[in-house]
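Residue numbering for the sequence shown follows my numbering, starting at 82 and increasing by one per position.
Even for Gly, the Cβ is constructed at its ideal location relative to N, Cα and C.
What follows is a set of notes on a single structure, which appears directly below.
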Amino acid sequence: MDSGTTQSDPTETQASTPVTIGVLALQGDYAAHAVALKEVGADAVLVRSVAQLAGLDGLIIPGGESTTFLKFLERDGFLADLAEFVRTKPTFGTCAGCILLADEVVHPAQASLAVLHATVERNSYGRQIDSSIEHAATALGGDPLEMVYIRAPRILKVAEDVEVLAERDGFPVLVRQGDLLAATFHPELSDDRRVHRLFVEMVMQARQARA
Ligand code: GLN
82 MDSGTTQSDP TETQASTPVT IGVLALQGDY AAHAVALKEV GADAVLVRSV AQLAGLDGLI
142 IPGGESTTFL KFLERDGFLA DLAEFVRTKP TFGTCAGCIL LADEVVHPAQ ASLAVLHATV
202 ERNSYGRQID SSIEHAATAL GGDPLEMVYI RAPRILKVAE DVEVLAERDG FPVLVRQGDL
262 LAATFHPELS DDRRVHRLFV EMVMQARQAR A
């Protein structure tokens, strides 16, 4: 039976529907991420409860203080569901978010969601120069990317399945491992939207693969 001629193709309809991306809004720098996501055509949802994770195609864990995030996540019983989410749906961690994704955190050691095959050192750039704006080439193409660092961590090492998309002083600062993306800087604080665009593309592809 040929039913394809009169019905709309569900995959085509889906391709034109914006992806819905949550921004974990318990603490930290979530508002600028929501603005950036809207600028690149995604629907952004501020996530403050575990129940909200259910309807999302992807998630951003923003910068802030990773220790404070952990306190909120433990208090609200968020941690187990979030750990499940980041294993199954595209997630982008920036700065503190990158620390939370890493499978090993040092300086000092702390708990994490442990999905990104990387060792991350907190507050790695010292007190005097703890914040800076740099420009560096990336695998995203085009001009060097502006990178805003705020009490940034350093990715000391990554496993072989982690793709390094940009470096600072020989250390990775933007990495991808399958559906996970992580940056030690704050792309939401620059006007350049290449990193958010990449993440939205990752989320669209993952949604397509699930359909
Ligand atoms: N220093 C913070 C931490 O260790 C991260 C800083 C940031 O997210 N801008 O969690």
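Starting from the C-beta of residue i, find all residues in its chain whose C-beta is less than 6 Å away, skip the five residues before and the five after it, and write them out in chain order.
i	result
serine 84	Residue placement at serine 84 is flagged as unreliable, the pLDDT there being 44, under the threshold of 50; the coordinate-derived value follows with that caveat. Excluding residues within five positions, none has a Cβ falling inside 6 Å.
alanine 247	Ala217, Thr219, Val254 and Leu255
Which of helix, strand or coil does DSSP assign to residue i?
i	result
glycine 103	strand
aspartate 162	helix
leucine 137	coil
Hey, would you say the C-beta of residue i is under 7 Å away from at least one heavy atom of the ligand GLN?
i	result
glutamate 146	yes
alanine 117	no
alanine 263	no
arginine 203	yes
proline 268	no
proline 234	yes
isoleucine 214	no
isoleucine 141	no
isoleucine 231	yes
CA-CA distance, residue i and residue j?
i	j	result
valine 100	threonine 148	30 Å
alanine 113	leucine 270	7 Å
glutamate 155	glutamate 120	32 Å
alanine 287	serine 205	33 Å
threonine 308	proline 189	Missing from the structure shown is residue 308; the chain here goes from 82 to 292 and no further.
glycine 139	glycine 207	33 Å
aspartate 124	isoleucine 180	25 Å
aspartate 224	aspartate 273	10 Å
tyrosine 111	glutamate 241	30 Å
glycine 116	serine 130	Residue identity differs from the one stated: residue 116 is valine in this sequence, not glycine. The straight-line gap from Cα to Cα measures roughly 20 Å.
By Cβ distance, which residues of its chain are closer than 7 Å to residue i, with the 5 residues on each side in sequence left out?
i	result
methionine 285	Val100
alanine 195	Asp184
alanine 233	Cys176, Ser205, Tyr206, Thr265 and Phe266
glycine 145	Gln108, Gly109, Asp110 and Ala177
Let's test the definition: count the other Cβ atoms within 10 Å of the Cβ of residue i and tell me whether it reaches 16, buried, or not, exposed.
i	result
isoleucine 214	exposed
glycine 251	exposed
glutamate 282	exposed
glycine 136	exposed
With a CB to CB cut of under 8 Å and the five nearest residues on each side skipped, what residues in its chain are close to residue i?
i	result
phenylalanine 153	Leu107, Gln108 and Phe159
Compute every distance between the C-beta of residue i and the non-hydrogen atoms of the ligand GTP, then say whether any falls below 7 Å.
i	result
alanine 177	In the structure shown, the ligand GTP is absent; the only ligands present are the ligand GLN.
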